[in-house]
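Visitor: Position 267, counted from 1, in the sequence shown is what the working numbering calls 267; the numbers after and before it change by one each time, with no gaps.
Cβ atoms here follow ideal geometry from the backbone N, Cα and C, with glycine treated the same way.
Dropping the structure in here first, questions after.
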Amino acid sequence: MLSFSLISTGCWDQHLMKNVTLIQALTYDLTNKQLLCVGAAAPVIGNLHSKNSSSKSDILVTTARTPGEAKIILNHMASGVLDTAKNKLLLLGEAFAAQDIYPFLDLHYRNPRNSLNARVAVVKDKALPLIQLKNDREEHISRYLLDLIQSAEESLIIPEENIQSIASVLLDPGEDITLPFIVVEENKHKAFVKGIALFNDRKYTGYHLNHNQSTLYLLLKKGSPQQNSFIITLDNVTKNYPERFVSFTVKHIKRKIKLHKSTHNQIYVSIDMNLKLQITEYPKGDVENDSSILKEKLSAALTTLTEEVLSHLKESNCDALGIGRKLMAFQPEVWSQLNKEDYFKKVHFKTSITIDGIKSGIVK
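What follows is the structure in structure tokens.
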């Protein structure tokens, strides 16, 4: 008979929480010497048995040549081994984002313990001050900023982008990424989501869309209304100031982005949208009585807004709608002749927006 001995070896790959410093927000900025400045926010939990127990975020900062070198230096500064498994945010300063961001993300994709669902956003000027904000409502700055971003996502102001979702687009020559654009107001200790930052060839272009433009772009991109809101100026001559405006939400959308026969010099794309709206504010009064004129004015206003969005995309050379991807799929002979660096500037858009119906809400 053979006898076997069972040896219990325990968990060889365990990560004890008491030995780690959890990073929940990271910032990347560019210094004057073209070095990488990395900021890391880690929650610090007070004494749980104390009546005055409180929690806050400890901010670690260093400069390095690469994110990997920064992690090594930060490890020497932290009370435990740095762990980014619970990281929620990767915030990029404007100067940093203006260079090719993909090589700096390599570390995030290679380590299996890194959090790939961390939200990615561009911050006006520098990103580090954003995690240094003192917020009275939320002690952990990462939680406050994540709530801020998720609220804007649900309101269809910004796209829901994380480290994993942008990877394939960064490597796609026929499409460009867009990221949330955040502004810090240090005097008010507040951060504001201002719209969407536009990229070209993995670099931030310096252009961004405002709230109305961002929401319309996302309607074009997704074709799904979700929760959204617009405010449009009807005219600038009405004496009663509030009556110049109308607020509404898009309740249903049917949109078609069609690529027409193109050449290596001219690319033709038509955008057709049929919308059903619900009025949320109309100080002028009777929506049903003014339905025809509202359809006409709102159709014209949304067409103008669409043209503004497309103009910003072309000026920044940001193919966020994936027109290059459509060319690769349906007209490869045209795509093969194009200069991949500026093909999007050759796109000619023709837009048509029709309002199929308007609901007045519970008040007629």
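Does methionine 77 pass the burial test, meaning 16 or more other C-beta atoms within 10 Å, or should it be called exposed?
Guide: When all chains shown are included, methionine 77 counts as exposed.
Visitor: For arginine 119, count neighbouring Cβ atoms within 10 angstroms of its own Cβ and tell me buried if that reaches 16, exposed if not.
Guide: By the neighbour-count rule (16 or more Cβ atoms within 10 Å), arginine 119 is buried.
Visitor: Keeping to the same chain, check which residues put their C-beta closer than 7 Å to that of arginine 244; ignore five residues upstream and five downstream.
Guide: Taken in chain order, the residues that qualify are Thr233, Leu234, Asp235, Asn236 and Thr238.
Visitor: In whole angstroms, what separates the C-alpha of lysine 297 from that of isoleucine 158?
Guide: For lysine 297 and isoleucine 158, the distance between alpha carbons rounds to 26 Å.
Visitor: Straight-line CA distance for threonine 66 to asparagine 240?
Guide: Spanning the two alpha carbons is a distance of roughly 58 Å.
Visitor: Can you find at least 3 beta carbon pairs, one from the segment 207 to 218 and one from the segment 177 to 196, that sit closer than 8 Å?
Guide: Enough Cβ pairs lie closer than 8 Å, so yes.
Visitor: What residue does the beta strand (DSSP E) around threonine 147 start on, and which one ends it?
Guide: According to the sequence displayed, residue 147 carries aspartate and not threonine. Run containing aspartate 147: none in the beta strand (DSSP E); it sits in the alpha helix (DSSP H), 141 to 154.
Visitor: So, for glutamate 281: in the same chain, excluding its five sequence neighbours on each side, which residues have a beta-carbon less than 6 Å away from its beta-carbon?
Guide: Here the set comprises Ser247.
Visitor: How many angstroms separate the CA atom of lysine 256 from the CA atom of aspartate 272?
Guide: Straight-line Cα distance between these residues: approximately 5 Å.
Visitor: Taking 7 Å as the threshold (C-beta atoms), are isoleucine 177 and alanine 25 in contact?
Guide: No, they are not a contact pair.
Visitor: Quick check: what's the CA-CA separation for isoleucine 267 versus cysteine 318?
Guide: Computed Cα separation, rounded: 15 Å.
Visitor: With 7 Å set as the bound, which would you pick, yes or no: does the beta-carbon of aspartate 201 sit closer than that to a beta-carbon of chain C?
Guide: Among the chains in the structure shown there is no chain C, since it carries only a single protein chain.
Visitor: Would isoleucine 358 and leucine 294 qualify as a contact pair, given that the criterion is a beta-carbon distance under 7 Å?
Guide: Cβ atoms of isoleucine 358 and leucine 294: closer than 7 Å.
Visitor: How should glutamate 160 be labelled, buried or exposed, when 16 other C-beta atoms within 10 angstroms of its C-beta is the threshold for buried?
Guide: Label assigned to glutamate 160: exposed.
Visitor: Determine the DSSP secondary structure at proline 159, reduced to helix, strand or coil.
Guide: Correct three-state label for proline 159: coil.
Visitor: Spell out the partners DSSP gives serine 270 in its beta bridges.
Guide: In the DSSP output, where bridge partners are listed per residue, serine 270 has Lys258 and Lys350.
Visitor: Would you mind sorting histidine 108 into buried or exposed? The rule is 16 or more other CB atoms within 10 Å of its CB.
Guide: Result: buried.
Visitor: Label proline 283 either buried or exposed according to how many other C-beta atoms from any shown protein chain fall within 10 Å of its C-beta, with 16 as the threshold for buried.
Guide: Burial call: exposed.
Visitor: Can you tell me the Cα-Cα spacing of glycine 361 and leucine 277, whole angstroms?
Guide: The alpha-carbon atoms of glycine 361 and leucine 277 are separated by roughly 10 Å.
Visitor: Taking the runs of the alpha helix (DSSP H) that are 4 residues or longer, which of them lie wholly in the segment 60 to 137?
Guide: Within the segment 60 to 137, the complete alpha helix (DSSP H) runs of at least 4 residues are 67 to 77, 94 to 97, 102 to 110 and 128 to 131.
Visitor: In terms of alpha-carbon separation, which member of Ser291, Leu60 and Leu275 lies closest to valine 250?
Guide: Among Ser291, Leu60 and Leu275, the Cα nearest to that of valine 250 belongs to Leu275.
Visitor: Helix, strand or coil for threonine 178, going by three-state DSSP, please let me know.
Guide: Looking at threonine 178 - three-state DSSP - the assignment turns out to be strand.
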